[in-house]
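Reviewing the structure listed below.
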Amino acid sequence: MLLLAHTGRAEVREVARTCVQSLTGQGIAVRLLADEAADLGLADVDGLVETTLADDVPGEGCELVLVIGGDGSILRAAELTHETSTPLLGVNLGHVGFLAEAEQDDIESTITAIVERDYTAEDRLTLAVRVLVGKEVQFETFALNEASVEKAARERMLEVVVEVDDRPLSRWGCDGVVCATPTGSTAYNFSAGGPVVWPEVEALLMVPLSAHALFARPMVVAPTSVLAIEVLSNTEGSGVLWCDGRRTVDLPPGARIEIRRGDRPVRLVRLHEAPFTDRLVAKFDLPVEGWRGAAERRRRDGGEHDA
21 MLLLAHTGRA EVREVARTCV QSLTGQGIAV RLLADEAADL GLADVDGLVE
71 TTLADDVPGE GCELVLVIGG DGSILRAAEL THETSTPLLG VNLGHVGFLA
121 EAEQDDIEST ITAIVERDYT AEDRLTLAVR VLVGKEVQFE TFALNEASVE
171 KAARERMLEV VVEVDDRPLS RWGCDGVVCA TPTGSTAYNF SAGGPVVWPE
221 VEALLMVPLS AHALFARPMV VAPTSVLAIE VLSNTEGSGV LWCDGRRTVD
271 LPPGARIEIR RGDRPVRLVR LHEAPFTDRL VAKFDLPVEG WRGAAERRRR
321 DGGEHDA
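Taking the working numbering, the leading residue of the sequence shown gets 21, the next gets one more, and so forth.
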């Protein structure tokens with residue numbers, strides 16, 4: 021398996037070393053990026069630890085990617101392994117950690133699940149993103165969470181026309197536009213006032229940022245739709261495209277950004293069958309005191325309402 025860690029933090033390094041020792045102790049070969057292996061101070065363990073470079077295909081031949089860190093580390097892992105679609109299992113040592121499946125206290129049970137292959141993997145919809153200037157494609161990439169078009173200069177508003185399925189929708193003077201997946205609905209989309217969308221829903225989201233327009237509402241469109249944002253050629257400000265907060269490209273006036281469903285999903289490992297509602301409550305610490313579920317109501321009423 022491939023292990024990726026945010027080795028800039030001492031806490032992460034400690035957990036990563038523990039995971040490597042536990043996995044190799046079970047006879048599982050572990051692959052590390054060369055610079056991370058150096059940071060962890062790990063040498064070969066009975067031929068079960070190997071190193072690779074990020075510029076190679078680090079996920080090739082791996083059954084699983086164990087990611088130690090926060091959501092940013094998982095987004096980095098998705099970037100490094102997108103070509104191989106290797107399933108990602110995140111151990112959260114960050115803040116909210118929506119993409120991670122396990123917490124630091126769950127390390128022992130997580131290792132047991134890996135050894136016993138007691139897990140499932142679910143496909144998450146991605147975005148295919150490309151930037152055109154004139155008729156030339158200048159940049160192509162993917163996004164798991166979102167692709168955001170933003171103004172490059174704080175003092176300049178961005179003038180854009182947005183389009184859905186080859187039809188113009190509206191013109192906005194704005195700070196930017198966020199296009200997100202359901203997975204990314206709890207990330208930048210959420211901060212921008214967009215809707216929370218359950219991961220099982222197949223849809224694309226578009227949310228304007230501080231748009232000066234009568235119609236500037238978050239929108240949810242079909243997964244087959246194509247979204248486009250054109251930076252008007254007569255705008256005074258230029259823009260910048262960010263994908264998952266990691267990959268970026270400058271957008272001159274006249275640039276066109278096209279966003280559609282990606283051909284290759286990202287696979288996230290799940291250890292538990294808990295519904296997304298429980299994850300939402302736990303991660304945002306939502307107040308649910310006083311709720312009485314069906315089972316509790318039946319116990320309280322002595323089963324009188326059972327069918």
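All C-beta atoms in this analysis are idealised placements derived from N, C-alpha and C, irrespective of residue type, glycine included.
One thing to note: M21 has its Cβ within 9 Å of the Cβ of E83. A Cβ-Cβ contact shorter than 9 Å links L52 with V40. Setting aside the 5 residues that flank it on each side, T161 is surrounded in the same chain by V149, C263 and R267, each with a C-beta closer than 7 Å to its C-beta; the list follows chain order. Across the structure, G110 and A122 are spaced so that their CA atoms are roughly 6 Å apart. Per DSSP, reduced to three states, the secondary structure at Q46 is coil, with no helix or strand assignment. In the structure shown, S245 adopts coil according to DSSP, grouped into three states. Between Y139 and V286, the C-beta spacing is not below 9 Å.
In this structure, V87 sits near L108, with a CB-CB distance shorter than 9 Å.
For the 9 Å CB-CB criterion, D185 and S230 do not form a contact.
C-alpha of C199 to C-alpha of G67: approximately 45 Å in a straight line. The segment 182 to 240 contains, as complete beta strand (DSSP E) runs of 3+ residues, the segments 187 to 194, 196 to 200 and 224 to 229 (chain order). Just measuring C-alpha positions, the residue of S190, S245, W218 and S168 sitting nearest Y208 is S168. In this chain, R174 is not harboured by any alpha helix (DSSP H), its DSSP state being neither H nor E.
Here E256 has R176 as same chain residues with Cβ atoms under 7 Å from its own Cβ, once five neighbours each way along the sequence are excluded.
With a beta-carbon spacing of about 13 Å, R280 and L152 fall beyond the 8 Å limit used to define contacts. Among the bridge pairs identified by DSSP, S168 is matched with V198 and W262. Counting the other CB atoms within 10 Å of its CB gives S211 a total below 16, which places it among the exposed residues.
Per DSSP, reduced to three states, the secondary structure at F118 is coil, with no helix or strand assignment.
Less than 9 Å separates the beta-carbon of L164 from that of L147. V135 sits close to Q46, with the two beta carbons spaced by under 9 Å. In this structure, R37 lies away from L113, with their beta-carbon atoms at least 9 Å apart. The continuous alpha helix (DSSP H) containing G92 extends over residues D91 to T101.
Inclusion of V180 and R191 in the CB contact set at 9 Å is warranted, their separation being smaller than that value.
The three-state reading of DSSP puts A74 in coil, since its state is none of H, G, I, E or B. A distance below 9 Å separates the beta carbons of P202 and V221.
In this structure, the CA atom of L43 is about 16 Å from the CA atom of Q124. Here S129 is near L291, since their CB atoms are less than 9 Å apart.
For R299, the secondary structure class from DSSP, reduced to helix, strand or coil, is helix. Judged by beta-carbon spacing, P238 lies beyond the 9 Å limit of L145, meaning their Cβ atoms are not closer than that value.
Boundaries cannot be given for D305, as no beta strand (DSSP E) includes it and DSSP labels it neither H nor E.
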